[in-house]
Amino acid sequence: MSVNRQLAGYFEQIASLMEITGANAFKVSANRKVVRVLEDLDRDIADVATSGELESLDGIGKGTAARISQFLETGTIDDLEHLRSEIPDGLIGLLDISGLGPKTVGRLWREADVTDRQSLKAAIDDGRLASLPRMGAKTIANIADSLAFAQRASQRTPIGRALPLAEQLVSQLKTVPGVTRVHYAGSLRRGCETIGDIDLIAVTTDPTGLVDTFTNRPDVAKVLAKGDTKAAIRLTSDIQVDLRIVPEDVLGATLLYFTGSKEHNVLLRERARSMHMRLNEYGLFPDDGDDEPPQQRGIAPLASATEDDIYSALELPMQPCSLRESADDPLVAPPALIELNDIRSELHSHTTASDGHLTIDELINATRDRGLGIIAITDHSVSSVQANGLSVDRLHTHIAAIHDARDRHPDMLILAGSEVDIHADGRLDYDDDVLRELDIVVASPHASLKQASDLATERLLKAIEHPLVHIIGHPTGRMIGRRPGLDPNMPVLLEAAAANGTALEINANPRRLDLRDVHVRQAMAAGCRIAINTDAHTGDHLAFLRYGVLTARRGRVTPDACVNCLPPDALLTWLAQKSPLLSS
DNA sequence: GCCGTTTTCGGCCCGACTGTTTTCAGTCG
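Anchor point for the first sequence: position 70 equals 55 in our numbering, and the numbering is continuous, going up by one each time.
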């Protein structure tokens, strides 16, 4: 799969470099489309090429197919090499700076010898920029500010930080006089693992008052835009927040528009056009061929109040936010996706016996307080020395202590388990006779997370095929923005997991979210069982569950595929005899 | 560069805000 990613990166470079040269915008977006196609493809692009099917992929024509073939044969693409020889690589990094687009970057390069971020800084400092036409003091100050911001905040915000902040902003703005509705939209509403900025949409009788309140918050570092219906700020915490104000009767159209994804919006607009309609953030309108926006000409929308109304008018099934990515087809009716309330159990958690902060009883009580009736206590195994992993003797004592707790908590199903290390060669950290004493075994990789792809595949495959392993915990071991983790051959693992009835975990910790959404989607297509666990080390960690459920929804997980949704009897049956999903 | 119930040419999604300039280009989402 990594060839797909590498090639996608090359086409992204081609698109960016073409933009800087001022190439036709449609050619640029055609190359960007190729990037998406490659990223969403669930087959190896080399296989597609071998079977002569490249041009059957939507968005790949003769030219692109030739470039892909050339890359697969030689490892390079002539067109890309040519662009690189003409244009400094460092210019691509300038496109990530807010306010700098391809036109400006091209001008800076041609007219001020700017080739990267460093020389941009120099050009600002020595006054070269100010000598260019259409470069006023404000524009230069904004570029300088965006450049400094880009240097210190290069990463996207994890959902675990963005979602609580957005909820706080929403509840605060709801108290502003005149405000009747506030929602967050964007990638956050779609449940993406990281977000670029927070999008808010509000309905109010006093737009000016709301915009003033919003832009005058004490935590505002910079006001990026301020108008009658739109404002944008950057907080001192370096997170950007956009606010849109709309009339109540077009809220659905605006929510739809600003929830995205961009690709989903394009598909909906194309759909609208094919039905002689026109879709924008104010509603779905009849297409009368007039260029002036219909809402400005007093034309009533065909649908606008709710998202449901618009999908319905487009004769499409209502798509949940989590299924509005480029890989999702809006024509396909969505499955009944899993919801937070469907979850009955936490099957991966830690106590003070290893590196958790709660005692057995505290953990059980915290689980009950979250509305769950089933808890599996799975402390670390002996090799996780840094996590105070349990020796076999300590494990025996721990199992007995867990069994004792059952008498004190008769309302809960309490399982004695372990999170067993999967060694680099695929062996497990406890012998089979020890594993047999446990109610549940979660096998996870913790060390050797940089091993080669084929070794990682063999390693995880052994654990998946092990008859005593129920769940593979955080299968790749990645940490978002910090380490990539293992890169195994997913299709091979998924096929084995489905056949053996071994569940693959979505670790709900927002720093992990592992499996990630695209792999979850592939796992569902392969017929795998899924587990959603918080890996709780404290009581607060149990609240991570919603991030796991959001990721599951993005991967099209239904309750029947998730072992955490099983009622006690069915869960015990599966634990006693792992069964594949399809035959259960 | 890709695509096709307006199919081999002529389209390709849409609107708000900013800055600098007097009507709009560039950027963003």
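Idealized CB from N, CA, C, for every residue including glycine.
Which residue from the options puts its Cα closest to that of residue i?
| i | options | result |
| --- | --- | --- |
| R28 | A510, L530 and V542 | A510 |
| T519 | G512, I425, R531 and S54 | R531 |
| I323 | A482, F243 and G533 | G533 |
| D130 | I387, N492 and I109 | I109 |
| D191 | L158, G171 and Y169 | L158 |
| R146 | F529, L132 and G194 | F529 |
| T89 | Q225, P203 and G7 | G7 |
| C177 | T244, T193 and P553 | T244 |
| S(-13) | R538, P476 and N265 | P476 |
| D276 | R393, L287, D378 and M262 | M262 |
| M397 | I362, R95 and K563 | I362 |
| R258 | E248, Y267, D273 and S246 | D273 |
| D63 | R52, L93 and D182 | R52 |
| T165 | R113, E422, I186 and A521 | I186 |
| G237 | N265, G91, A10 and L343 | N265 |
| V503 | K12, N350 and D25 | D25 |
| L132 | D223, L148 and A521 | D223 |
| E(-3) | R69, G37 and A34 | R69 |
| T352 | R102, D554, D43 and L527 | L527 |
Kindly indicate which three-state DSSP category residue i falls into: helix, strand or coil?
| i | result |
| --- | --- |
| G46 | coil |
| Q371 | helix |
| H381 | helix |
| T124 | helix |
| S54 | helix |
| P271 | strand |
| G171 | helix |
| T352 | helix |
| L2 | helix |
| P143 | strand |
| R166 | strand |
| V454 | coil |
| A288 | strand |
| Q(-9) | helix |
| S297 | helix |
| C177 | coil |
| R309 | coil |
| S438 | helix |
| V99 | coil |
| T536 | helix |
| C513 | coil |
When burial is assigned at 16 or more other CB atoms within 10 Å of the CB, is residue i buried or exposed?
| i | result |
| --- | --- |
| D313 | buried |
| K435 | exposed |
| R309 | buried |
| V317 | exposed |
| S1 | buried |
| S172 | buried |
| S568 | Its pLDDT being 46, under 50, S568 is placed unreliably in this model, and the coordinates cannot settle the point. |
| K18 | buried |
| P118 | exposed |
| A482 | buried |
| D424 | buried |
| L23 | buried |
| H67 | exposed |
| L(-10) | Reading off the sequence shown, one finds Arg at residue -10, where the question assumed Leu. Label assigned to R(-10): exposed. |
| F270 | buried |
| A385 | exposed |
| H381 | exposed |
Under 8 Å by Cβ, that's how I've got residue i and residue j pegged, so tell me the actual separation to the nearest angstrom.
| i | j | result |
| --- | --- | --- |
| P572 | V188 | For residue 572 there is no data in the structure shown, the boundaries of the chain being -14 and 569. |
| I144 | P473 | I144 to P473, Cβ: 24 Å. No contact. |
| A508 | E490 | Between E490 and A508 the Cβ distance is about 10 Å, and since that is not below 8 Å, they are no contact. |
| L453 | L400 | No, L453 and L400 are not in contact; Cβ-Cβ is about 14 Å, not under 8 Å. |
| R501 | P320 | Going by Cβ atoms, the distance from R501 to P320 rounds to 19 Å, so no, they are not a contact pair. |
| L76 | I5 | 6 Å |
| I218 | V205 | 5 Å |
Within 6 Å: the Cβ of residue i and any heavy atom of the ligand MN?
| i | result |
| --- | --- |
| G268 | In the structure shown, the ligand MN is absent, as is every other ligand, since no ligand is present at all. |
Segment contact flag, the stretch 146 to 160 with the stretch 116 to 124, C-beta cutoff 8 Å, min 3 pairs: no
The stretch 438 to 453 contacting the stretch 345 to 364, beta-carbon criterion three pairs below 8 Å: no
Inter-stretch contact (C-beta, 8 Å, three-pair minimum) for the stretch 78 to 90 and the stretch 48 to 61: no
Meets three-Cβ-pair contact criterion under 8 Å: the stretch 426 to 433 and the stretch 450 to 460: yes
Cβ contact (3+ pairs, closer than 8 Å) linking the stretch 329 to 346 and the stretch 543 to 552: yes
Inter-stretch contact at 8 Å, needing at least 3 Cβ pairs: the stretch 362 to 381 / the stretch 334 to 345: yes
The stretch 366 to 374 / the stretch 292 to 306 touching (three or more Cβ pairs under 8 Å): no
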